[in-house]
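The numbers in the sequence shown follow full-length UniProt numbering, run straight up by one, and end at 406.
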Amino acid sequence: MVHVVFVAPYLLRATLQFIDGAATLPGVRLILVTQDRLAGVPASVRANLFRFHRVENVMDETQLLAAIHELRAKVGPIHRLIGTLEDLQETLARVRQTLSIDGMDPITAGNFRQKSKMKEILRGNGIPCAKHCLATNRPQLDAFIDKVGYPLVAKPPAGAGSRATFQLNHAGDLDNLLSENSLSTGKPILFEEFIMGNEYTFESAWIEGRMKWHSITRYYPSPLEVLNNSWIQWCILLPREIDHPYFNDIREIAAKANQCLGIQNGFTHLEWFRRSDGSIAVSEVAARPPGGQLTSITGFAHQFNIHQEWARSVIFNQFAEPKRCYAAGAAFLRGQGKGRVAAVQGIKKIQEELGALIVEMKLPAIGQPPGGGYEGDGYILVRHPITAVVEKALSRIITSVRVVLD
Ligand SMILES: Nc1ncnc2c1ncn2[C@@H]1O[C@H](COP(=O)(O)OP(=O)(O)O)[C@@H](O)[C@H]1O
Ligand SMILES: [Mg+2]
Numbered sequence: 001m002v003h004v005v006f007v008a009p010y011l012l013r014a015t016l017q018f019i020d021g022a023a024t025l026p027g028v029r030l031i032l033v034t035q036d037r038l039a040g041v042p043a044s045v046r047a048n049l050f051r052f053h054r055v056e057n058v059m060d061e062t063q064l065l066a067a068i069h070e071l072r073a074k075v076g077p078i079h080r081l082i083g084t085l086e087d088l089q090e091t092l093a094r095v096r097q098t099l100s101i102d103g104m105d106p107i108t109a110g111n112f113r114q115k116s117k118m119k120e121i122l123r124g125n126g127i128p129c130a131k132h133c134l135a136t137n138r139p140q141l142d143a144f145i146d147k148v149g150y151p152l153v154a155k156p157p158a159g160a161g162s163r164a165t166f167q168l169n170h171a172g173d174l175d176n177l178l179s180e181n182s183l184s185t186g187k188p189i190l191f192e193e194f195i196m197g198n199e200y201t202f203e204s205a206w207i208e209g210r211m212k213w214h215s216i217t218r219y220y221p222s223p224l225e226v227l228n229n230s231w232i233q234w235c236i237l238l239p240r241e242i243d244h245p246y247f248n249d250i251r252e253i254a255a256k257a258n259q260c261l262g263i264q265n266g267f268t269h270l271e272w273f274r275r276s277d278g279s280i281a282v283s284e285v286a287a288r289p290p291g292g293q294l295t296s297i298t299g300f301a302h303q304f305n306i307h308q309e310w311a312r313s314v315i316f317n318q319f320a321e322p323k324r325c326y327a328a329g330a331a332f333l334r335g336q337g338k339g340r341v342a343a344v345q346g347i348k349k350i351q352e353e354l355g356a357l358i359v360e361m362k363l364p365a366i367g368q369p370p371g372g373g374y375e376g377d378g379y380i381l382v383r384h385p386i387t388a389v390v391e392k393a394l395s396r397i398i399t400s401v402r403v404v405l406d
């Protein structure tokens with residue numbers, strides 16, 4: 001039996017799916033380390049856990065180390081230390097190294113987490129990406145802006161979920177940003193040339209440094225554009241056909257990007273742009289599966305238990321390539337107006353219209369405050385063998401379902 005520790009601060013729905021995927025893998029004894037309460041684990045998932053261990057703050061390396069020491073004393077060797085949360089990846093890697101647990105090391109985790117370092121590695125290996133500057137002072141930033149010009153993107157050096165990410169169109173936007181966030185050596189801000197283009201993702205599974213499978217998804221529109229326009233209900237589309245020559249260049253570039261960042265085992269989630277002249281810019285790569293609904297639609301399109309297969313890749317270094325037999329998509333429902341969710345209109349009609357195309361749905365609860373992110377307040381996932389049918393369904397959902405805030 002392999003003892004696997006799964007670390008997660010909070011037990012969100014998507015996280016629980018990964019936890020259960022790992023816990024139900026034959027040969028695995030899964031220990032959940034979390035700061036959430038046992039009551040947050042549904043009984044069906046709890047039944048598959050070997051142990052539950054609560055700590056005050058799983059992001060705190062000292063607490064995490066102490067927890068693993070305690071678990072070792074109780075159950076014996078810990079063979080794997082895993083987690084899907086982006087913000088945890090470097091901490092997990094450091095704890096693994098300290099305790100000689102197999103898995104991604106701190107240098108590799110840093111390559112995927114620290115966006116400035118990532119871009120240096122990518123560019124150094126001939127992979128196209130946005131020009132960047134990890135700015136600690138104004139003269140350094142001004143020199144970069146003289147070279148690159150506006151628009152720019154400003155973001156945290158190691159962010160996630162578009163948090164604190166801004167498009168700066170002119171010097172006034174920059175002044176506003178810097179009036180609230182001053183530059184210093186201890187608190188640098190990452191600035192990037194703004195890439196104009198359509199945004200896509202490239203998910204892939206890796207075993208012992210070799211790419212075993214990939215999937216491509218299109219964002220409609222980019223997460224930043226969704227954040228900047230509160231009326232937009234975001235969609236992601238996973239076309240069924242990705243073996244088209246249109247994607248040959250990104251296949252090659254993405255494989256190389258992952259390799260030079262150093263992935264060995266597991267999934268990665270790469271974001272990239274296609275400019276109108278056809279050229280590509282890689283945006284960022286995360287050494288983890290993609291966000292909740294993107295993982296789900298990828299599973300639906302390939303009809304496989306994606307949560308479990310991710311777990312298998314990081315625990316047993318194994319992955320069996322699934323077949324892409326559907327197109328799939330997610331439409332995110334987003335509250336319009338101000339206040340809390342007062343009504344969700346048009347659901348019955350869209351259910352009648354789309355019928356079995358809908359494979360999963362989470363509606364905003366009445367009274368719920370708006371989430372504020374690009375993933376809105378609820379979602380509808382659809383699937384069909386024909387890409388155009390999924391495209392039309394997404395369009396129908398976002399034009400006919402309305403979440404009213406009041
Ligand atoms: N250089 C850039 N040019 C244009 N848009 C960008 C650029 N960098 C980021 N964005 C937009 O901001 C979003 C969030 O930035 P990203 O680097 O992916 O951070 P996160 O780790 O928060 O997802 C991207 O999905 C994209 O829409
Ligand atoms: Mg991103």
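All C-beta atoms, glycine included, are put in the ideal place defined by N, C-alpha and C. Because the structure is a prediction, the values reported are computed rather than measured.
- Ligand 1 has a heavy atom closer than 7 Å to the beta-carbon of Lys155.
- Residue environment for Thr201: buried (at least 16 other C-beta atoms within 10 angstroms of its C-beta).
- In its chain, beyond the 5 residues on either side, Cys235 have a beta carbon closer than 6 Å to the beta carbon of Tyr220.
- Within the same chain, Pro223, Leu224, Leu227, Tyr374 come within 7 Å of Ser162 by CB-CB distance, once the 5 residues on both sides are set aside.
- Those residues whose C-beta sits under 6 Å from the nearest heavy atom of ligand 2 are, from N- to C-terminal order along the chain, Glu271, Glu284.
- Residues of the same chain with a CB within less than 6 Å of the CB of Met361, apart from the 5 flanking positions on each side, are Ile380 in chain order.
- Counting along the chain, Cys235 sits inside the beta strand (DSSP E) bounded by residues 235-238.
- Taking 7 Å as the cut-off, one finds at least one heavy atom of ligand 1 near enough to the beta carbon of Gly159.
- The C-alpha of Arg94 lies about 29 Å from the C-alpha of Ala320.
- Ligand 1 has a heavy atom closer than 7 Å to the beta-carbon of Thr165.
- For Thr34, the uninterrupted beta strand (DSSP E) run begins and ends at 28-34, by DSSP.
- Of the heavy atoms belonging to ligand 1, none sits nearer than 7 Å to the Cβ of Ile145.
- In its chain, beyond the 5 residues on either side, Phe6, Val7, Ala8, Leu92 have a beta carbon closer than 7 Å to the beta carbon of Gly83.
- The nearest non-hydrogen atom of ligand 1 is 7 Å or more from the C-beta of Glu375.
- Contact annotation: Thr298 and Glu203 have beta-carbon atoms nearer than 8 Å.
- For Leu12, the shortest C-beta to heavy atom distance toward ligand 1 is 7 Å or greater.
- Gln351 and Glu391 have their C-alpha atoms roughly 16 Å apart.
- Residue side-chain check: Phe332 keeps its Cβ at 7 Å or more from all non-hydrogen atoms of ligand 1.
- Distance from the CA atom of Ala331 to the CA atom of Leu238, rounded to whole angstroms, is 12 Å.
- Three or more Cβ pairs closer than 8 Å define a contact, and the segment 119-130 falls short of that threshold against the segment 31-38.
- Using a cutoff of 7 Å, the CB of Leu177 does not count as near ligand 1, since none of the ligand's heavy atoms is closer than that.
- No residue range can be given for Ile242, since it is assigned to no alpha helix (DSSP H) and is classified by DSSP as neither H nor E.
- Relative to the Cα of Pro128, the nearest Cα in the group Val359, Ile397, Gln345, Glu252 belongs to Glu252.
- At a threshold of 7 Å, Pro223 counts as near ligand 1, since its beta carbon sits closer than that to one of the ligand's heavy atoms.
- Within the segment 98-174, the complete alpha helix (DSSP H) segments of 4 residues or longer fall at 106-113, 115-124, 138-148, listed in chain order.
- Its chain contains Val2, His3, Val4, Val5, Ile101, Asp102, Gly103, Val314, Ile315 as the residues whose beta carbon lies nearer than 8 Å to that of Arg80, once the 5 sequence neighbours on both sides are disregarded; these appear in chain order.
- Straight through space, the alpha carbons of Phe300 and Ser400 are spaced by roughly 24 Å.
- Around the beta carbon of Pro364, a 10 Å sphere encloses 16 or more other beta carbons of the protein chains shown; the residue is thus reported as buried.
- Ranking Asp377, Arg113, Arg383 by CA distance to the CA of Ala342 puts Asp377 first.
- With a cut-off of 7 Å, the C-beta of Ala130 is classified as near ligand 1, since at least one heavy atom of the ligand falls inside that distance.
- The criterion of a C-beta distance shorter than 8 Å is satisfied by Ala286 and Glu86.
- Contact between Trp310 and Phe267 holds, since their C-beta atoms are separated by about 5 Å, short of 8 Å.
- Judged by DSSP secondary structure, Gln308 falls within the alpha helix (DSSP H) whose first and last residues are 306-315.
- Burial check for Glu70: the Cβ neighbour count within 10 Å stays below 16, so the residue is exposed.
- Assignment of alpha helix (DSSP H) within the segment 343-394, counting only whole runs of 4 or more residues, yields 347-354 in chain order.
- For Gln259, the secondary structure class from DSSP, reduced to helix, strand or coil, is helix.
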